[in-house]
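> Going letter by letter, the sequence shown gives residues 863 to 1203 in my numbering.
Quick one: the structure is below, questions incoming.
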Amino acid sequence: MKVAVINSGSSSLKFKLFDMSSGEVLYAVLVEHIGEKNSPMKTHHDALESIDVDLSSIDVIGHRVVHGGEEFNEPTIVDDEVIRKIEELTHLAPLHNPANLEGILVSKQKAPNTTQIAVFDTAFHSKMPQVAYLYALPYEMYEKHKIRRYGFHGTSHSYLLKECALLLKKETKELNIITLHLGNGASACAIENGVSIDTSMGFTPLEGLVMGSRCGDIDPAIVLYMQRDLGFSVKKIDEVLNKKSGLLGICNSSDIRDILQRDDDKSKLAIDMMVRRVKKYIGSYMALLGRVDAIVFSGGIGENSVYIREKIMNNDLGGETPVFVIKTDEELEIARQCLSF
Ligand code: ADP
């Protein structure tokens, strides 16, 4: 059984082809700079054209879709109705869903008879209780406008849970764990009895941890102040919060490897701020979960930086709780989920 996974982002496309009977990766490619000036890859169509695989010869094609709203809680076969609904959800994820959709449309065009399945980043968090997903805003903001915590990186948190269960030789439903996906985008997840019961990203992937260029948690009144008193446009505020904040905003680099090489005060401060925020989330999730069977680090930073992991876990945070480092594999998780129903 051959399963291909297409992870189509705003300017990149990751493609992986798995032989699911052996678990082998038959082909993997990352196409970057799609649609950028002077790039030969103008569209996702060009990107898929450049891949040396006949899509119509594949059994199942899985697609990563960032936002599934409240509609999509599990892997879903892509038909015209599903495409329409993913399109409708674009207003909740304007940067991500259109790119995901483009990957789906091109791949449907190239392999019209192949089963195509959408796997949503939000789905793993869809069982969060209302006490976790509601914001303390007027209730109608949720009812009428669907303003709530959705959570993201769900495919990664779900993969980490399963791998952690293998390491602990337990069933996922027996486990209470905290998973930390620390990459350019970063999120923490509290998992109770195998279910995500809280996560740091919210209505959008902007909330929560201090990220490469995103601010994470701030007082929402700062946004009003920027608009009312500083005269910033909505577009400018969006850019400040998503693209100019986080590590980049504090020390002018969003790349931890680069920041760790430096010796200036701002670089140290940026690291300390990021670490402190992760600690705060671990502490609050320990309080929510009571018993914690493991803390799992993942993502480019979580997988690779001993220094950051040690800084987060110092002062005996977690006590005797086992700490695991697990390399995440969102594409493999998508491929597995494609076969799971
Ligand atoms: P994305 O969210 O874009 O998938 P990644 O998971 O690849 O991001 O994580 C990118 C981050 O991981 C960057 O800050 C990068 O500096 C950091 N990183 C990658 N390798 C290392 C390493 N060996 N040591 C420290 N940080 C690393």
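Even for Gly, the Cβ is constructed at its ideal location relative to N, Cα and C.
(1) What are the start and end residues of the beta strand (DSSP E) that includes residue 1043?
(2) Counting only the same chain and skipping the five closest in sequence on each side, list residues whose C-beta sits under 7 angstroms from that of residue 949.
(3) How close, in whole Å, do the beta carbons of residue 901 and residue 907 come, if the pair is a contact with beta carbons under 8 angstroms?
(4) CB-CB under 6 angstroms to residue 923, same chain, minus the five flanking residues each way: which ones, in chain order?
(5) When you compare each of 1117, 1195 and 1193 to residue 1163 by their alpha carbons, which one comes out closest?
(6) Under 8 angstroms: do the stretch 1020-1037 and the stretch 1115-1134 share three or more Cβ pairs, one atom per stretch?
(7) Say yes only if the C-beta of residue 1119 is nearer than 8 angstroms to one or more non-hydrogen atoms of the ligand MN, and no if none qualify.
(8) Report yes if the C-beta of residue 822 is less than 8 angstroms from at least one heavy atom of the ligand ADP; otherwise report no.
(9) Going by C-alpha to C-alpha distance, which of 1039, 1133, 940 and 989 sits closest to residue 1073?
(10) Is the beta carbon of residue 1135 sitting closer than 9 angstroms to the one on residue 1099?
(11) Where does the unbroken alpha helix (DSSP H) through residue 919 begin, and where does it stop?
(12) Would the beta-carbon of residue 1046 be found less than 8 angstroms away from any heavy atom of the ligand ADP?
(13) Quick one: what's got a C-beta closer than 7 angstroms to residue 928's C-beta in the same chain, skipping five residues either side?
(14) I'd like to know whether the C-beta atoms of residue 1037 and residue 1023 end up nearer to each other than 9 angstroms.
(15) Can you tell me the Cα-Cα spacing of residue 1085 and residue 879, whole angstroms?
(16) Comparing the CB of residue 1163 with every heavy atom of the ligand ADP, is any distance shorter than 8 angstroms?
(17) Taking buried to mean at least 16 other C-beta atoms within 10 Å of its own C-beta, is residue 1016 buried or exposed?
(18) For residue 977, does the three-state DSSP call read helix, strand or coil?
(19) Taking 9 angstroms as the cut-off, decide whether the C-beta atoms of residue 1104 and residue 1068 are in contact.
(20) Once you ignore the five residues that flank residue 980 on each side, which residues in its own chain have a CB closer than 6 angstroms to its CB?
(21) In angstroms, rounded to a whole number, what distance separates the CA positions of residue 995 and residue 1077?
(22) Sorted by chain position, which residues of the same chain lie with C-beta nearer than 7 angstroms to residue 1020's C-beta, five sequence neighbours on each side aside?
By the coordinates alone:
(1) 1039-1044
(2) 963
(3) Actually they do not touch by this definition, with Cβ atoms about 14 angstroms apart.
(4) The beta carbon of residue 923 is closer than 6 angstroms to those of 866, 969, 976 and 978 in its chain, skipping five residues each way along the sequence.
(5) Proximity to residue 1163 across 1117, 1195 and 1193 peaks at 1117, based on C-alpha coordinates.
(6) Fewer than three beta-carbon pairs drawn from the stretch 1020-1037 and the stretch 1115-1134 are found closer than 8 angstroms, and the two stretches are therefore not classed as touching.
(7) Among the ligands in the structure shown, the ligand MN does not appear; only the ligand ADP can be found there.
(8) Nothing can be reported for residue 822: it is not among the residues displayed for the chain, which extend from 863 to 1203.
(9) 1133
(10) no
(11) That residue, residue 919, is in no alpha helix (DSSP H); it is neither H nor E in DSSP.
(12) yes
(13) 955, 958, 959, 962, 983 and 1014
(14) yes
(15) 43 angstroms
(16) yes
(17) With 16 or more other Cβ atoms within 10 Å, it is buried.
(18) strand
(19) yes
(20) 925, 927, 938 and 940
(21) 20 angstroms
(22) 986 and 1195
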